[in-house]
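Asks:
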Amino acid sequence: MYVCVCVCVYVCLCACVCLCLCVCMCMCLCVCVCMCSCVCVFVCSKFLRVDQDKDCNTDCSGTPRKPLCASDGRTFTSRCEFLRAKCHDPQLEVIRGPCKDTSRCVAEKKYTEQQAKKLFPQVFVPVCNPDGTYSEVQCHSYTGYCWCVTPNGRPISGSAVANKKPRYGTDGRHSACC
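Reading the sequence shown from the start, the letters are residues -22 to -1, 1 to 156 in mature numbering (1 follows the signal peptide of the UniProt record, and there is no 0).
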């Protein structure tokens, strides 16, 4: 089963009609009527939850523990657990040697970059800090929207803005996340 964390990004198109009454071309009174149409575009990050799907829930309790590294950057404790994850994600492959000690952000970034190359370029790729935590501002290059996240990558509600960096405080009010 996949767990998705989504941020609603509003994309609006507006059309305005203005009527101006000018006296001597130096004093004008204008009345404008604007009509906007907005749509919510969901930007989602997908996380695999191996332990919760009944269709791919193979019992791996009796299998020998031999860790192996997968193409998403995660270390699985056995081949059985890897195959259970591959049941959800057929793109998953075994990588030779042990996984490097990478954070969730780094693993997600590497995995989504691979998916972008294979499937579609519009996929969201996270930005990580040098210590492996998520950068507090994440931007989707395809939609142009940016939003604030917690150090573990959870989007902060109400912080998404178009074509600029958001400003959002830890107290829940708009101040500064960047």
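Beta carbons: idealized from backbone N, C-alpha and C, even for Gly.
For residue 164, collect the residues of the same chain with a Cβ closer than 7 Å to its Cβ; drop the 5 residues on either side in sequence, then sort them by chain order.
Replies: Since the first residue of the chain shown is -22 and the last is 156, residue 164 is not available in this structure.
Asks: Using the C-alpha atoms, what's the distance from residue 105 back to residue 138?
Replies: So the alpha carbons of these two residues sit roughly 16 Å apart.
Asks: Should residue 74 and residue 34 be called a contact, given that it needs their Cβ atoms to be closer than 9 Å?
Replies: No, these two residues do not count as a Cβ contact at 9 Å.
Asks: Have a look at residue 118 and residue 54 and give me their C-alpha separation to the nearest angstrom.
Replies: Taking the straight line from one Cα to the other gives about 30 Å.
Asks: Is the beta carbon of residue 83 closer than 9 Å to that of residue 48?
Replies: No, the Cβ-Cβ distance between residue 48 and residue 83 is not below 9 Å.
Asks: Is the Cβ-Cβ distance between residue 14 and residue -5 less than 9 Å?
Replies: No; because the gap between Cβ atoms is not below 9 Å, this pair is not in contact.
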